[in-house]
Amino acid sequence: MRIDIITVLPQLLESPLSHSIIKRAQDKGLLEVHTHNLRQWAVNEYGQIDDYQYGGGAGMVMMCEPLSNAIDSLQKDRTYDEIIYLTPDGETLNQKIANQLSLKGNLIFICGHYKGIDQRIRDHYVTKEISIGDYVLSGGELAAAVLVDAIGRLLPGVLNDETSALTDSFQDNLLAPPVYTRPVDFRGWKVPDILLSGDPKKVEAWRYEQAVQRTEQRRPDLLGEE
Ligand code: 6GU
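Listed below in structure tokens is the structure:
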């Protein structure tokens, strides 16, 4: 998979994408992430990419021309399955969306800033709009990093047995059960006996029951859906 990210702050994306599992995905050649500074396509020598909004009001809007030139330039070299705009008014990201996107080949992410991007780019270029939750970030970059992580770890070959996505929270609309490691007794706080029983069937049944209980208590909304 290849992800091209159009941003005014490429530095902000560097660190989150160069560690741990997402770094390994790139090192293994399973994921390529390329960031592109939108200023390359600025409309003048001052590097302008935003302007006042028609109709008045506070806040700048990211202009059509730099964005369309950026996207056109990327599309000269390859075709993209989705052009995704990261925006708080997009569809809220969940595991199902991450699963679906992990099956695609090439993606463009557009990170918004200020009041967002000109609506015409959304109407004529963008194919999907995604939010990472009901709160406002100062730009789409951290949301883009979240999306790259959520998708990247699902690509075949990225995770091994230890990090397997199969037992994640949300993978089957259930939260993950509690987990324990050594020691068996820490300050008198004991590991549940069943996990020490050596009976994989019993362990599996206990984990399932715990997952259901936890989901009922914390996220009943997950149980009523699909
Ligand atoms: Cl995708 N962008 C911004 N700026 N804020 C957000 C968001 C995205 N998702 C949640 N809040």
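With the UniProt record's numbering, the residue at position 190 of the sequence shown is 190, and numbering never jumps. All residues carry an ideal CB built from backbone N, CA and C; glycine is no exception.
Check whether the Cβ of residue i lies closer than 6 Å to any heavy atom of ligand 1, and answer yes or no.
i: I97; result: no
i: S131; result: yes
i: A145; result: no
i: T79; result: no
i: P10; result: no
i: T7; result: no
i: G116; result: no
i: G140; result: yes
i: L86; result: yes
i: R136; result: First, the amino acid is wrong: residue 136 is Val here, not Arg. At least one heavy atom of ligand 1 is nearer than 6 Å to the Cβ of V136, so yes.
According to DSSP, simplified to helix, strand and coil, what is residue i?
i: D172; result: coil
i: E45; result: coil
i: P88; result: strand
i: V146; result: helix
i: I132; result: coil
i: D51; result: strand
i: D118; result: coil
i: R153; result: coil
i: Y125; result: coil
i: K202; result: helix
i: R218; result: helix
i: P177; result: coil
i: K28; result: coil
Who are residue i's beta bridge partners in DSSP?
i: T35; result: I5
i: H113; result: G139
i: D185; result: K190
i: I108; result: D4 and I83
Quick check: the stretch 146-156 against the stretch 95-103, are there 3 or more CB pairs under 8 Å?
yes
Cβ pair count under 8 Å reaching 3, the stretch 60-78 against the stretch 30-43:
yes
Can we say the stretch 157-175 touches the stretch 104-123, given the rule of at least three CB pairs closer than 8 Å?
no
Should the stretch 126-142 be called in touch with the stretch 78-87, which here means at least 3 C-beta pairs below 8 Å?
yes
Can you list, in chain order, the stretches of the beta strand (DSSP E) that have 3 or more residues and sit fully within the stretch 60-105?
60-62 and 82-92
Pair every Cβ in the stretch 45-54 with every Cβ in the stretch 9-25, then say whether three or more of these pairs are closer than 8 Å.
no
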